[in-house]
Amino acid sequence: MKHLPKILFLILLVFVAFTFATQNTTNDLEIVTHELKGIVGVPIRVVQISDVHLKRDELDSLALRVSEEIKALSPDIIVATGDMVNYPTGMRALNRFLDLFPRNVPLIAVSGNWEASNLDEKNFEKLEQLYAIYGGSFLDNGWKVVEAWGMRVGLCGVRDKVTKAELSALMEKAPKADLSILLSHRPDTVDLLADEDRAKVDLVLSGHTHGGQFRPYGITIVPQYIGEKRLSGFFTGSPPLYVNRGVGTTTMPVRLGVKPEIAVFDFIP
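Basically our numbering = 1-based index in the sequence shown + 40.
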């Protein structure tokens, strides 16, 4: 039995190697499409990306593929729900990334916890300017109304860790729109909506969790963010919430059992 610890260690080593070989989904980009009926009178396609986590000057192959897929999807509106960059250096890569997006398509972005933690006020201004160069809007507690096929689409973007009072004030300013979407990096922001404001929002789009990032064999090892009640997918309610698994990674540059995604929302009559 003196060799038992070595045997157990070898078994563990083989299991870990097998898991990484069979469950590594870091680059297995998935396009997830959802149909939402009866909200608008004409078809409108909204494409959501989240948590790209650009860190360096250059784009990796996954980010390049994301840009190609976005073009191929022919969106009417593109939304980015935070953590596009990790540090100020990531903005050079973001510049290259946005340059690959389809032109003349409204782009609406919000901040995530990484931008909020690592970008100072000056860099936030640079980020806003960068989106503007490509015709996009960076919303830090604000509304933007865009037109798609004759329909007015109101998009409300909130800052990371928005407060209930701030959200209530934003809802008071809700513009008249045929479709209203709330963009919040953190899924739990939906819980801050006052009862009287919930009918003002048709859909909430979030990210932040990476879908757990480490879920080999469907088992969540460590939730990406302790305290988050919703890891990924649709959650019914008023309004409904969608939590995007994101594209990139943090902590460890790997996903196990959780594919990166681009989410597509087809609003149909």
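Backbone N, C-alpha and C fix where the C-beta goes; we use that ideal spot for every residue, glycine too.
None of these values were measured; they are calculated from a predicted model.
Judged by pairs of C-beta atoms under 8 Å, the stretch 127-141 touches the stretch 88-96, as three or more such pairs exist. Out of 237, 277, 188, 186, the CA that lies nearest to the CA of residue 206 is found in 237. Only residues of its own chain outside the window of five on either side were considered, and among them 127 have a CB closer than 6 Å to the CB of residue 158, listed in chain order. Residue range 204-212 is occupied by the alpha helix (DSSP H) that includes residue 211.
Between residue 270 and residue 297, the C-beta spacing is not below 9 Å. By the Cβ-count criterion, residue 253 is buried, with 16 or more other Cβ atoms from all chains shown falling within 10 Å of its own Cβ. Contact check for residue 227 against residue 248 passes: the beta carbons are separated by less than 9 Å. Cβ-Cβ distances below 7 Å link residue 75 to 306, 308 in the same chain, with the five nearest sequence neighbours on each side left out; the list follows chain order. Positions of the alpha helix (DSSP H) runs, each at least 4 residues long and wholly inside the stretch 71-159, are given as 101-113, 130-139, 153-158 in order along the chain. Residue 192 is bridged by DSSP to 187. Ranking 292, 301, 137 by CA distance to the CA of residue 283 puts 301 first. When the alpha-carbon of residue 149 is set against those of 160, 182, 140, the nearest one is in 182. A distance below 9 Å separates the beta carbons of residue 219 and residue 192. Check the Cα spacing between residue 276 and each of 245, 112, 250, 303: the tightest is with 245. Excluding residues up to 5 positions away in sequence, 66, 93, 250, 253, 295 lie with their Cβ nearer than 8 Å to the Cβ of residue 289 in the same chain. When beta bridges are read from the DSSP output, residue 275 appears opposite 281.
In the three-state scheme derived from DSSP, where H, G and I count as helix and E and B as strand, residue 303 is classed as strand.
When the five nearest sequence neighbours on each side are left out, the beta carbons in the same chain lying within less than 7 Å of the beta carbon of residue 240 are those of 211, 214, 220, in order along the chain.
The C-beta of residue 124 has 16 or more other C-beta atoms within 10 Å across all chains shown, which makes the residue buried. Between the beta-carbon of residue 145 and that of residue 117 there is about 7 Å, and that keeps the pair under the 8 Å contact cut. Only buried fits residue 151, as 16 or more other CB atoms lie within 10 angstroms of its CB.
For residue 99, the CB contacts under 7 Å within the same chain, skipping 5 residues up- and downstream, are 133, 136, 137 in chain order.
In this structure, DSSP gives residue 64 an extended state, which the three-state scheme calls strand. Ranked by how close their Cα comes to the Cα of residue 188, the residues 78, 281, 115 have 115 in first place. Contact annotation: residue 147 and residue 112 have beta-carbon atoms that are not nearer than 9 Å.
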